[in-house]
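Mapped onto the working numbering, the consecutive letters of the sequence shown carry residue numbers 160 to 264.
Step one of this worksheet: look at the structure below.
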Amino acid sequence: MFAFVDIAGFQEKVEKGMKLHVPLLDAKEGETVMFDKVLLLSTDGSSAIIGKPYVAGANVEAKVLRHGQDDKIVVRKFKRRKRYHKTLRGHRQQYTEIEIMGVSK
Numbered sequence: 160m161f162a163f164v165d166i167a168g169f170q171e172k173v174e175k176g177m178k179l180h181v182p183l184l185d186a187k188e189g190e191t192v193m194f195d196k197v198l199l200l201s202t203d204g205s206s207a208i209i210g211k212p213y214v215a216g217a218n219v220e221a222k223v224l225r226h227g228q229d230d231k232i233v234v235r236k237f238k239r240r241k242r243y244h245k246t247l248r249g250h251r252q253q254y255t256e257i258e259i260m261g262v263s264k
């Protein structure tokens, strides 16, 4: 069983037992969160229920494992034939690591 779910504006394909990095969620470590914006739900792999825009009554349960920050992004600016190049240090994007506990209808 798998589903496509909208998590913080990103569409992810999820199955039970998967671990994902998603944008920072407002939940504490160890809590369970429910995502009810399920776009597509497939129970047997051959047929699917497509939502309009969401599948009614379907939800995904996930457990928050930890919060963290990604590696620092390096921004390089370069203009050819002008002897201009610049390297900037960007930001570190925050994320939440979650584990999918179940997909249900």
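Backbone N, C-alpha and C define an ideal beta-carbon position, used for all residues, glycine too.
Taking C-beta atoms as the reference points, A217 and A167 fail to come closer than 8 Å.
Per DSSP, the unbroken beta strand (DSSP E) holding V223 starts and ends at N218 to Q228.
Contact fails between the region 244-252 and the region 199-212, because fewer than three Cβ pairs, one in each stretch, are under 8 Å apart. The DSSP-derived three-state label of V214 is coil. Counting C-beta pairs closer than 8 Å gives three or more between the region 188-200 and the region 216-236, which meets the contact rule.
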